[in-house]
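Peer 1: Questions regarding the structure given below will be posed in turn.
Residue numbers (our numbering): -8 to 566.
So, in structure tokens, the structure goes:
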């Protein structure tokens, strides 16, 4: 009887702890809409950081309550019964899959073990989320044949009840209507079967709010997104109508900050989004919605499933070896695994704690589509037989303190997992002339966009950047990141005489001094590629460009880049 009371109390507290966490998650998401309406970008940035830390904080609080109320909570024999009691409490829950993940985190903290059997954990989802919906429907349905397309679009806008004025809404809606008609098959008519489905929450990120929906026309279906921006006076305007894979996919990218969306039933939102983003896994979609812990859970299940249905080995990742990370991959799986080395060779003068802090910093920051997000894991068990011997030698030598072995498993104490990219230096070795031009154009854009987000990559070597499948350049080496406004950008002085010209130490250089004119010498060993970069991005080697940007940042004038091209914007030069 005593054990039965203990298991019931633990299960009740786990679910209550999760509910407190998710209530806060929804409050922050609702407040994001208020921040957008007020153009309060500082508050939006603050709640972004608060939300990321909310899960771990609530797990920690829940564990403290359980250990205080149930002295024998760390008795492993209790937890199979706790798991069963938790399942019963989640049968009518609207976020059961998230609560199961929360429960798993609590178990790991209470028992303080490296390994757990399926008796303790939700290794697979126990409570189904199919056809789960909230008090209010996840999406609203509109019938343009009945209302007319223009009235339908106006109704969609009205239903979001945004509490700020519009600049030229009528004009913008006419453009949206024209774009929709262009997507319909000839004769571009509104058929009775035509439906517009719109998710009930705006998706807010940075200075933009997105309407996400899909159009069904008989057996045809396509997804769309309409970004809402604000002008200098605080008036809203529709900036574009996005549809098709190339325009839509960059919206839900792990190289960007997470969206705020007020979701009663996240599983229903993810199910809707999968129809719009079929190339994105559920793990990625949950993560993009700010539910990164659920993303981690789903990804680990995907990895385990893939290992059970493949035979290739983990190998050292392609590209030059890094000074801070050991990186390996599974060729049949599009991700890389990164471990922080035990020791760093000069000139690196930081430690593992500082590197981890940089990765946390990136997660909290606006990644502007140019920095890869990571999932962070502890005590990951991989089948030792699947580890290539050369990789195992490398790991023992470089990250031995992070390794342990248990029978046929390699246990990694701490690692990061991120999308596999082609290292930029490797990409250029294989690229033709046109590919080289395009990737160099985007490389300069990447440096510029990071800079406008107040980030200087520090080590601008090509091996620290990668190219994704869309040809976009993404940065993934974070140990040397520094704020642009913390740098001292200087122009190279002219030597006064021959002795200064041949001397290596005639110029005094501070720890944060940067000479942009010198950067191409270190970035490019190929003189032709160096010349091409300078032809395209001359401003990036001009100290005055960086100093002007510092002045812009100091004045609080943000320069935000959107995840779509100027070509699809209604008014690319403003209103």
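The C-beta atom is built at its ideal place from N, Cα and C for all residues, glycine as well. Just so you know, these numbers come straight off a predicted model, no measurement behind them.
Give me the Cβ distance between residue 475 and residue 442, rounded to the nearest whole Å; I'm assuming they're in contact under 8 Å.
Peer 2: Rounded, the Cβ-Cβ distance is 5 Å, consistent with contact.
Peer 1: Does residue 556 pass the burial test, meaning 16 or more other C-beta atoms within 10 Å, or should it be called exposed?
Peer 2: Residue 556 should be labelled exposed.
Peer 1: Look up residue 212 in the DSSP assignment and say whether it is helix, strand or coil.
Peer 2: Of the three classes helix, strand and coil, the one that applies to residue 212 here is strand, per DSSP.
Peer 1: Rounded to the nearest angstrom, what separates residue 391 and residue 385 at their Cα positions?
Peer 2: The straight-line gap from Cα to Cα measures roughly 9 Å.
Peer 1: Beta carbon of residue 137, beta carbon of residue 561: below 9 Å?
Peer 2: Against a cut-off of 9 Å, the Cβ pair of residue 561 and residue 137 comes out as no contact.
Peer 1: With 16 other CB atoms within 10 Å as the buried threshold, where does residue 423 fall?
Peer 2: Looking at its Cβ environment, which holds fewer than 16 other Cβ atoms inside 10 Å, residue 423 is exposed.
Peer 1: With distances taken from CA atoms, which of -3, 409, 219 is nearest residue 159?
Peer 2: That would be 219, whose Cα lies nearest to the Cα of residue 159.
Peer 1: Could you name the residues of the same chain whose beta carbon sits closer than 8 Å to that of residue 266, not counting the 5 residues immediately before and after it, in chain order?
Peer 2: The residues are 205, 212, 214.
Peer 1: From residue 72 to residue 118, what does the alpha carbon distance come to, in whole angstroms?
Peer 2: Using only the alpha carbons, I get a separation of about 16 Å.
Peer 1: What separation, rounded to the nearest whole angstrom, lies between the Cα atoms of residue 273 and residue 264?
Peer 2: Their Cα atoms are separated by approximately 9 Å.
Peer 1: From which residue to which residue does the alpha helix (DSSP H) around residue 538 run?
Peer 2: First-last of the alpha helix (DSSP H) with residue 538: 534 to 545.
Peer 1: Closer than 8 Å is the cut-off here; do at least three beta carbon pairs connect the stretch 396 to 416 with the stretch 330 to 349?
Peer 2: Yes, the stretch 396 to 416 is in contact with the stretch 330 to 349.
Peer 1: Within the same chain, show all residues whose beta-carbon is closer than 8 Å to that of residue 565, passing over the 5 residues directly before and after it, in chain order.
Peer 2: Only weak support is given to the placement of residue 565: the predicted model assigns it a pLDDT of 46, under 50, and the question is left unresolved by the model.
Peer 1: With contact counted as at least three CB pairs below 8 Å, one residue from each stretch, are the stretch 193 to 210 and the stretch 2 to 9 in contact?
Peer 2: No, the stretch 193 to 210 does not touch the stretch 2 to 9.
Peer 1: Which class does residue 204 belong to by DSSP, given the choice of helix, strand or coil?
Peer 2: Residue 204 falls in the strand class under three-state DSSP.
Peer 1: Which of helix, strand or coil does DSSP assign to residue -8?
Peer 2: With a pLDDT of only 43 at residue -8, under the threshold of 50, the placement of this residue in the model should not be trusted; the figure read from the coordinates follows. Of the three classes helix, strand and coil, the one that applies to residue -8 here is coil, per DSSP.
Peer 1: For a quick check, are the C-beta atoms of residue 353 and residue 364 less than 9 Å apart?
Peer 2: Cβ atoms of residue 353 and residue 364: closer than 9 Å.
Peer 1: Looking at the strands, I want to know which residues DSSP matches up with residue 466.
Peer 2: According to DSSP, which records beta bridges pairwise, residue 466 is partnered with 362, 456.
Peer 1: State the beta-bridge partners of residue 316 as determined by DSSP.
Peer 2: 331, per the DSSP bridge assignment.
Peer 1: Along the beta strand (DSSP E) that carries residue 93, what are the first and last residues, could you check?
Peer 2: Per DSSP, residue 93 belongs to no beta strand (DSSP E); it is in the alpha helix (DSSP H), 87 to 102.
Peer 1: Using only the heavy atoms of the ligand GTP, determine whether one of them is closer than 8 Å to the beta carbon of residue 156.
Peer 2: Absence of the ligand GTP from the depicted structure is noted, as is the absence of any ligand whatsoever, leaving it without description.
Peer 1: Taking one C-beta from the stretch 425 to 442 and one from the stretch 456 to 467 each time, how about it: are there three or more such pairs within less than 8 Å?
Peer 2: Touching, per the Cβ criterion.
Peer 1: Could you give the first and the last residue of the continuous alpha helix (DSSP H) run that contains residue 272?
Peer 2: No alpha helix (DSSP H) contains residue 272, which DSSP labels as neither H nor E.
Peer 1: Report the option in 411, 357, 558 whose CA atom is closest to the CA atom of residue 43.
Peer 2: Of the candidates 411, 357, 558, the one whose C-alpha sits nearest the C-alpha of residue 43 is 357.
Peer 1: Give me the Cβ distance between residue 506 and residue 481, rounded to the nearest whole Å; I'm assuming they're in contact under 8 Å.
Peer 2: The Cβ separation is near 6 Å, so the contact holds.
Peer 1: What ranges does the beta strand (DSSP E) occupy inside the stretch 349 to 403, keeping only unbroken runs of at least 3 residues that lie completely in it?
Peer 2: Fully enclosed beta strand (DSSP E) runs of 3 or longer: 366 to 374, 394 to 397.
Peer 1: Given this structure, state the Cα-to-Cα distance separating residue 0 from residue 61, to the nearest angstrom.
Peer 2: Each residue's Cα considered, the two are about 8 Å apart.
Peer 1: Do the stretch 294 to 304 and the stretch 315 to 323 meet, that is, are 3 or more Cβ pairs less than 8 Å apart?
Peer 2: The stretch 294 to 304, when compared against the stretch 315 to 323, does touch it at the 8 Å Cβ threshold.
Peer 1: Would residue 313 be called buried (16 or more neighbouring beta carbons within 10 Å of its own) or exposed?
Peer 2: Its Cβ being crowded by 16 or more others within 10 Å, residue 313 is buried.
Peer 1: Go to residue 46, then tell me how far its alpha helix (DSSP H) extends in each direction, as first and last residue.
Peer 2: First-last of the alpha helix (DSSP H) with residue 46: 32 to 60.
Peer 1: According to DSSP, residue 522 sits in a beta bridge with which residue or residues?
Peer 2: Answer is none; residue 522 lacks a bridge partner.
Peer 1: Count the other CB atoms, across all protein chains shown, that sit within 10 Å of the CB of residue 277; report buried if there are 16 or more and exposed otherwise.
Peer 2: With 16 or more Cβ atoms within 10 Å of its Cβ, residue 277 is classed as buried.
Peer 1: Should residue 531 be labelled buried (16 or more other beta-carbon atoms within 10 Å of its own) or exposed?
Peer 2: Classification for residue 531: buried.
Peer 1: Give the straight-line distance between the Cα atoms of residue 182 and residue 130, rounded to the nearest whole angstrom.
Peer 2: Those two C-alpha atoms are separated by around 21 Å.
Peer 1: Can you tell which of 452, 527, 500, 502 has its C-alpha closest to the C-alpha of residue 513?
Peer 2: Residue 452 is the option with its Cα nearest to residue 513.
Peer 1: Give the range of the beta strand (DSSP E) segment to which residue 186 is assigned.
Peer 2: Counting along the chain, the beta strand (DSSP E) containing residue 186 begins and ends at 186 to 190.
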